[in-house]
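**Q**
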């Protein structure tokens with residue numbers, strides 16, 4: 001009884017595959033685990049934003065690692081984020097908002113901390129990028145509600161139409177808080193998605209990256225009881241001790257991650273398996289999946 | 001800066017509407033708040049399953065209220081759940097599994113507790129119900145990945161094809177853990193969705209209700225570090241002190257809720273607003289929404 005519900009990944013390992021009995025069809029996780037090393041792409045340390053929170057109540061360290069998006073996406077905001085990290089601007093700020101089934105948001109709760117010099121103001125047009133035809137990998141994904149097409153581009157979930165491509169708000173994606181239009185946010189106020197993909201935010205707000213490790217340190221925080229899930233008592237805020245680009249850390253302290261090439265055969269089989277679960281637990285494959293149910297596999301690399 | 005990101009609901013209340021300036025277009029929350037009392041339907045106490053957890057570390061009570069689905073859905077499992085609650089079977093069991101962006105699961109971690117007499121074994125065919133044409137309310141929702149049609153039926157998110165209709169796995173929906181097919185689960189082992197809608201579970205596992213209050217007591221629990229998010233140390237499990245149908249509680253202790261009639265004009269306007277955000281924060285309406293981004297409004301009724 002213990003392994004009820006989506007037990008296939010664990011249980012199938014224990015199912016004997018005898019001559020009489022064909023091996024079970026692999027789960028998405030098993031396909032990923034079996035992918036050759038050549039299908040994995042290292043994430044540059046320069047693209048990892050490392051956020052350390054104050055230790056939890058039991059004294060346990062809490063590190064959240066965010067992968068910043070590659071060009072052509074959100075370059076202006078990501079440039080600002082690099083400047084903010086270099087200025088150690090987030091050190092001493094806090095997690096200020098936790099809204100259930102929506103977002104966790106962090107930044108300067110006092111709203112008084114001066115921003116570093118040289119941040120740029122990014123126009124709303126930068127929420128989208130020019131589409132280069134053929135550059136995207138189609139996925140067995142519809143979500144026609146939100147865009148004509150969905151897929152992945154160089155490892156990132158995107159939507160596109162005839163002219164433009166834009167990143168989408170899946171679980172764990174990191175975006176830039178802003179005020180009312182035409183404000184687009186500087187990048188100093190960030191959030192990550194901790195619930196069902198709020199796709200209505202696509203093209204309305206900048207996405208700059210995704211949490212690749214430690215999202216449980218954000219998603220399991222107590223929900224804020226104020227409007228929009230803001231913490232009402234400042235003692236509820238979670239202190240941010242340090243935010244650095246990984247290259248600014250001691251080499252021994254630099255996290256290392258790689259993602260499964262979304263151009264690889266392994267990813268194609270993984271995506272098909274996500275859309276058509278045939279591993280032992282399932283009795284009826286869905287026949288498709290929405291883009292946010294085909295998360296790009298990312299794994300930690302042991303030093 | 002404090003109200004960055006989806007600030008409209010809160011901020012628009014503070015935006016002066018002068019003669020020169022038209023009132024802002026209402027947000028989905030404002031439409032719901034303005035709905036007449038006649039658009040709200042009381043949820044029968046007999047359909048509310050009340051789960052009390054042990055108080056949290058600060059001694060704060062933790063109550064989770066689940067609305068059971070109406071006929072024709074999942075009748076066999078729901079009948080079993082009523083028997084289990086009447087037998088006080090869950091008292092002394094625990095929350096045993098918390099898997100990030102997936103589910104929280106509870107039941108008898110010892111796997112040894114005898115089930116009450118009279119539980120029925122439900123066939124897999126009961127994952128679907130016969131479709132009564134015209135009974136569903138269409139929503140501006142696609143998710144073509146998962147079904148030809150999506151909408152709501154008597155207040156519940158469903159998908160349907162020419163022959164059948166079935167409930168869908170949105171955030172907060174409650175389902176029945178099971179083992180490998182042909183097992184369909186008794187209803188003693190339950191889970192709720194705490195992440196992006198795992199729609200691949202639709203038609204593969206029984207849905208029996210939804211959390212209408214207190215999901216934060218489940219979604220903010222520490223994630224389990226074992227396989228599938230199970231807690232590895234039994235001390236991590238969260239004790240369940242009591243699970244009752246609300247009618248079994250003292251009247252003074254019975255929670256009362258109502259939901260917005262999904263046949264009402266208010267709901268139609270709410271659903272349209274969810275699919276086409278035009279309130280002040282938004283610059284580009286999505287033009288649609290997936291079924292799980294149009295949650296049916298449920299509110300507590302003060303005694």
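Protein chains in written order, with the UniProt record's numbering: chain H, 1 to 303; chain L, 1 to 303.
For each residue, glycine too, the CB sits at the ideal point set by N, CA and C.
1. What would DSSP say about residue 101 of chain H, mapped onto helix, strand or coil?
2. Check whether the Cβ of residue 98 of chain H lies closer than 9 Å to any Cβ atom in chain L.
3. Write down every uninterrupted run of the alpha helix (DSSP H) in the region 158 to 224 of chain L whose length is 4 residues or greater and which is fully enclosed by it, in chain order.
4. Using a cut-off of 7 Å between C-beta atoms, extract the partners of residue 284 of chain L located in chain H.
5. Determine, for residue 250 of chain H, whether the minimum Cβ-Cβ distance to residues of chain L falls below 9 Å.
6. Under the DSSP definition of a beta bridge, which residues are partnered with residue 130 of chain L?
7. Looking at C-alpha atoms only, which residue of L:40, L:107 and L:57 is the closest neighbour of residue 243 of chain L?
8. Roughly how far, in whole angstroms, is the beta-carbon of residue 74 of chain L from the beta-carbon of residue 208 of chain L, given that I think they are within contact range, below 8 Å?
9. Alpha carbon to alpha carbon, how far is residue 141 of chain L from residue 84 of chain H?
10. Are residue 176 of chain H and residue 202 of chain H close, meaning C-beta to C-beta below 9 Å?
11. With a cut-off of 9 Å, does the C-beta of residue 253 of chain H fall near any C-beta of chain L?
12. Does the beta carbon of residue 237 of chain L sit closer than 9 Å to a beta carbon anywhere in chain H?
13. Helix, strand or coil, according to DSSP, for residue 231 of chain H in the structure here?
14. If contact means a Cβ-Cβ distance below 9 Å, which residues of the region 206 to 240 of chain L contact chain H?
15. Measuring alpha carbon to alpha carbon, tell me which of H:236, H:128, H:226 and H:185 ends up nearest residue 161 of chain H.
16. Which two residues bound the contiguous alpha helix (DSSP H) that contains residue 270 of chain L?
17. Strictly under 9 Å for the Cβ-Cβ distance: is residue 280 of chain H near chain L by that measure?
18. Could you work out which residue in H:273, H:47, H:159 and H:164 is closest to residue 249 of chain H when comparing CA atoms only?
19. According to DSSP, is residue 77 of chain H part of a helix, a strand, or is it coil?
20. Between residue 283 of chain H and residue 181 of chain L, how many whole angstroms is the CB-CB distance? I'm expecting something under 8 Å.
21. Using the beta-carbon of each residue, which ones in chain L are nearer than 7 Å to residue 244 of chain H?
22. Give, in chain order, every residue of the region 107 to 136 of chain H whose Cβ lies closer than 9 Å to some Cβ of chain L.
23. Going by C-alpha to C-alpha distance, which of H:257, H:230 and H:215 sits closest to residue 174 of chain H?
24. Let me confirm a value: residue 271 of chain L is counted as buried when at least 16 other C-beta atoms fall within 10 Å, else exposed. Which label applies?
25. Should residue 187 of chain L be flagged as near chain H, meaning a C-beta pair shorter than 9 Å?
26. Does DSSP classify residue 253 of chain H as helix, strand or coil?
27. List, in order along the chain, the chain H residues whose C-beta lies closer than 7 Å to that of residue 324 of chain L?
28. By alpha-carbon positions, which one of H:147, H:64 and H:71 ends up nearest to residue 163 of chain H?
29. Check for me: the alpha helix (DSSP H) holding residue 28 of chain H runs from which residue to which?
30. Please report the Cβ distance between residue 229 of chain H and residue 98 of chain H, rounded to the nearest whole angstrom; I am assuming they are in contact, meaning their Cβ atoms lie under 8 Å.
31. When you compare the CB of residue 62 of chain H with every CB in chain L, is at least one pair closer than 9 Å?
32. Return the residue from the list L:259, L:35 and L:234 that minimises the CA-CA distance to residue 265 of chain L.
33. Which same chain residues, not among the five before or five after residue 297 of chain H, have their C-beta less than 7 Å away from its C-beta?
34. Applying the 10 Å Cβ sphere with the 16-neighbour rule, what's the burial state of residue 165 of chain L?
35. Residue 248 of chain L by DSSP, collapsed to three states: which one?
**A** Result, derived from the coordinates:
1. Residue numbering aside, residue 101 of chain H sits at position 101 when the first chain is read from its first letter. Correct three-state label for residue 101 of chain H: coil.
2. In the first chain, the residue the question calls residue 98 of chain H occupies position 98. Yes - at least one Cβ of chain L is within 9 Å of the one on residue 98 of chain H.
3. DSSP runs (the alpha helix (DSSP H)) wholly in the region 158 to 224 of chain L: 216 to 219.
4. Within the second chain, numbered from 1, the residue matching residue 284 of chain L stands at position 284. Neighbours of residue 284 of chain L on chain H, chain order: 203 and 204.
5. Locating residue 250 of chain H in the first chain gives position 250, counting from the first residue. Not closer than 9 Å to any Cβ of chain L, the Cβ of residue 250 of chain H fails to qualify, so no.
6. Residue mapping note: residue 130 of chain L aligns to position 130 of the second chain, counting from 1. Paired residue(s): L:164.
7. Locating residue 243 of chain L in the second chain gives position 243, counting from the first residue. Among L:40, L:107 and L:57, the Cα nearest to that of residue 243 of chain L belongs to L:107.
8. In the second chain, counting from the first residue as 1, residue 74 of chain L sits at position 74. In the second chain, counting from the first residue as 1, residue 208 of chain L sits at position 208. Rounded, the Cβ-Cβ distance is 5 Å, consistent with contact.
9. For the purposes of this step, residue 141 of chain L is taken as the residue at position 141 of the second chain. For the purposes of this step, residue 84 of chain H is taken as the residue at position 84 of the first chain. Low confidence applies to residue 141 of chain L: its pLDDT is 49, below 50, so where it sits in the model is not reliable enough to give any reading.
10. Against the first chain, residue 176 of chain H aligns to sequence position 176. Against the first chain, residue 202 of chain H aligns to sequence position 202. No, they are not a contact pair.
11. Stepping through the first chain from its first residue, residue 253 of chain H is reached at position 253. By this cut-off, residue 253 of chain H is not an interface position.
12. Counting from one through the second chain, the residue named residue 237 of chain L turns up at place 237. No, its Cβ sits nowhere closer than 9 Å to a Cβ of chain H.
13. In the first chain, residue 231 of chain H corresponds to position 231, counting from 1. In this structure, residue 231 of chain H counts as coil in the three-state DSSP scheme.
14. 215, 216, 219, 220, 221, 222, 223, 227, 228 and 230
15. Taking the first chain and counting its residues from 1, one reaches residue 161 of chain H at position 161. For residue 161 of chain H, the nearest C-alpha among the options comes from H:128.
16. By one-based count along the second chain, residue 270 of chain L stands at place 270. Start and end: 265 to 275.
17. What you label residue 280 of chain H is simply residue 280 of the first chain in a count that begins at 1. It does: the Cβ of residue 280 of chain H has a partner Cβ on chain L nearer than 9 Å.
18. By 1-based counting over the first chain, the position of residue 249 of chain H is 249. Cα-wise, what sits closest to residue 249 of chain H is H:47.
19. Here residue 77 of chain H refers to the residue found at position 77 of the first chain. Helix.
20. Indexing the first chain from 1 puts residue 283 of chain H at position 283. Indexing the second chain from 1 puts residue 181 of chain L at position 181. That belief holds up - the Cβ atoms of residue 283 of chain H and residue 181 of chain L are roughly 5 Å apart, short of 8 Å.
21. Within the first chain, the letter at position 244 stands for residue 244 of chain H. Neighbours of residue 244 of chain H on chain L: none; closest Cβ ~23 Å, over 7 Å.
22. Hits within the stretch, in order: 107, 108, 109, 111, 124 and 127.
23. Counting from one through the first chain, the residue named residue 174 of chain H turns up at place 174. When each option's Cα is compared against that of residue 174 of chain H, the closest is H:215.
24. As a first step, residue 271 of chain L must be located in the second chain, where it is residue number 271. With 16 or more other Cβ atoms within 10 Å, it is buried.
25. Position 187 of the second chain holds residue 187 of chain L. Chain H contact via Cβ: absent.
26. Within the first chain, numbered from 1, the residue matching residue 253 of chain H stands at position 253. Looking at residue 253 of chain H - three-state DSSP - the assignment turns out to be helix.
27. Outside the shown range of chain L, which is 1 to 303, sits residue 324 of chain L, and nothing can be said about it.
28. Residue mapping note: residue 163 of chain H aligns to position 163 of the first chain, counting from 1. Of H:147, H:64 and H:71, the residue nearest in Cα terms is H:147.
29. On the first chain, position 28 is the one that residue 28 of chain H refers to. 28 to 33 is the span of the alpha helix (DSSP H), which, as asked, contains residue 28 of chain H.
30. If you number the first chain from 1, residue 229 of chain H lands on position 229. If you number the first chain from 1, residue 98 of chain H lands on position 98. Yes, residue 229 of chain H and residue 98 of chain H are in contact; Cβ-Cβ is about 5 Å, under 8 Å.
31. Numbered from 1 along the first chain, position 62 holds the residue referred to as residue 62 of chain H. No, no contact with chain L.
32. On the second chain, position 265 is the one that residue 265 of chain L refers to. Nearest of L:259, L:35 and L:234 to residue 265 of chain L, Cα basis: L:35.
33. Against the first chain, residue 297 of chain H aligns to sequence position 297. Same-chain partners within the cutoff: 32, 259, 260 and 270.
34. On the second chain, residue 165 of chain L is found 165 positions in, with the first residue counted as 1. Residue 165 of chain L counts as buried, since at least 16 other C-beta atoms from the protein chains shown sit within 10 angstroms of its C-beta.
35. Along the second chain, read from residue 1 onward, the residue named residue 248 of chain L stands at position 248. Helix.
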